[in-house]
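A.B. asks: Everything in the sequence shown is counted per the numbering used here, starting at 554 for the first residue and increasing by one.
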Amino acid sequence: MANLEKYNQVFMDVFHVPETELADLKHHGIEAWDSMGHMQMIAALEEAFDIMIDIDDVIAIDSYAKGKEILKKYAVEIG
């Protein structure tokens, strides 16, 4: 599975949204993306890409787009 597919799957699984809504997804933009949902998403990203995201980056991932940008720091390129 390509990195973009893995990344999208994490967001779709954790937040129960269709792929068509991912581009505009933001923290607190949907009910499921609360503090618990946020930590579930971080854990799923760490597992999917076999990385450990540091706390500053955990806090900084506040949107679908920002997550793609931050994962580059961990050598994870997402389309």
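Ideal Cβ placement from N, Cα and C applies to all residues, glycine included. On a predicted model such as this, the values are computed, not experimentally measured, just so you know.
Classify residue 591 as buried or exposed, calling it buried when 16 or more other Cβ atoms lie within 10 Å of its own Cβ.
C.D. replies: Label assigned to residue 591: buried.
A.B. asks: What residues are listed by DSSP as bridge partners for residue 588?
C.D. replies: In the DSSP output, where bridge partners are listed per residue, residue 588 has none listed.
A.B. asks: To which residues of the same chain is residue 611 closer than 6 Å at the C-beta, ignoring the five residues directly before and after it?
C.D. replies: Correct list, in chain order: 595.
A.B. asks: Counting along the chain, where does the alpha helix (DSSP H) carrying residue 633 start and finish?
C.D. replies: Lying outside 554 to 632, the shown extent of the chain, residue 633 is not represented and no answer is given.
A.B. asks: Please check the pair residue 627 and residue 575, which I expect to be a contact at CB under 8 Å, by giving their CB distance rounded to whole angstroms.
C.D. replies: That pair is no contact at about 20 Å.
A.B. asks: Considering only residues of the segment 595–630, which uninterrupted alpha helix (DSSP H) runs meet the minimum length of 4 residues and lie entirely inside it, listed in chain order?
C.D. replies: Qualifying alpha helix (DSSP H) stretches, in chain order: 608–613 and 617–624.
A.B. asks: Excluding five sequence neighbours on each side, which residues of the same chain lie with their C-beta closer than 6 Å to the C-beta of residue 614?
C.D. replies: Cβ within range, chain order: 620 and 623.
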